[in-house]
Amino acid sequence: MSIATIEKGEVFHRVLVDAMNEGAITLTQMGIVVLCNEYFLKMVKMPPEEAVESHWKRFFPVHEQLALERLLRKAKRVGSKGEFTLLASDGSTLAVEISIKAVHLDDQENFFAVIADLSEQKRLENSLRNSEQFVREI
Numbered sequence: 280m281s282i283a284t285i286e287k288g289e290v291f292h293r294v295l296v297d298a299m300n301e302g303a304i305t306l307t308q309m310g311i312v313v314l315c316n317e318y319f320l321k322m323v324k325m326p327p328e329e330a331v332e333s334h335w336k337r338f339f340p341v342h343e344q345l346a347l348e349r350l351l352r353k354a355k356r357v358g359s360k361g362e363f364t365l366l367a368s369d370g371s372t373l374a375v376e377i378s379i380k381a382v383h384l385d386d387q388e389n390f391f392a393v394i395a396d397l398s399e400q401k402r403l404e405n406s407l408r409n410s411e412q413f414v415r416e417i
């Protein structure tokens, strides 16, 4: 495989990740964000210079920190998923699902995570629950 082919593949991969309708981040073993896409930045409402080189725990409430550590430990062995609350820089929150897996880059173990916004799904679930409760009360 030629260097030009590899470079084209890297460019394609970067364009693909930036075009996703989910957040995407690459983390070091220690949980430091080394790369993120535009959608993730939109979710956390911050510029790249604030998000990159931050510990990923910064983006989640304190009461979810232990569950995040467990998710990361499990992701070292197999891909892992979990629901969490994402904190934006303005204090707003967003229900998300994190899908994370260990990947090897430059002879180092890192993590790649896709962060999906669950707010619409949660809104529909609440609406359905309210409708069911209303029907039971009739």
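For reference, each letter of the sequence shown is one residue, going 280 to 417 in my numbering. Don't be surprised by glycine CBs; every beta carbon is placed ideally from N, CA and C.
In the structure shown, the three-state DSSP call for Ala-354 is helix. The continuous alpha helix (DSSP H) containing Ala-330 extends over residues 327 to 330. For Leu-384, the enclosing beta strand (DSSP E) covers residues 372 to 384. The alpha carbon of Phe-390 has as its nearest neighbour, out of Asn-316, Arg-356, Ser-359 and Lys-380, the alpha carbon of Lys-380. Relative to Leu-366, the option among Ser-359, Asp-386, Glu-348 and Asp-396 whose CA is nearest is Asp-396.
With fewer than 16 neighbouring CB atoms inside 10 Å of its own CB, Ser-410 falls in the exposed class. In the three-state reduction of the DSSP assignment, Lys-336 falls in the helix class, which pools H, G and I. Ranked by Cα distance from Ser-378, the first of Lys-360, Leu-345 and Glu-388 is Lys-360. If you look at Lys-360, you'll find it in the beta strand (DSSP E) that goes 359 to 366. Val-331 places its beta carbon less than 8 Å from that of Val-313. In the DSSP assignment, the residues bridged to Asp-396 are Val-375.
In this model, Val-375 and Thr-364 are separated by some 6 Å (Cα to Cα).
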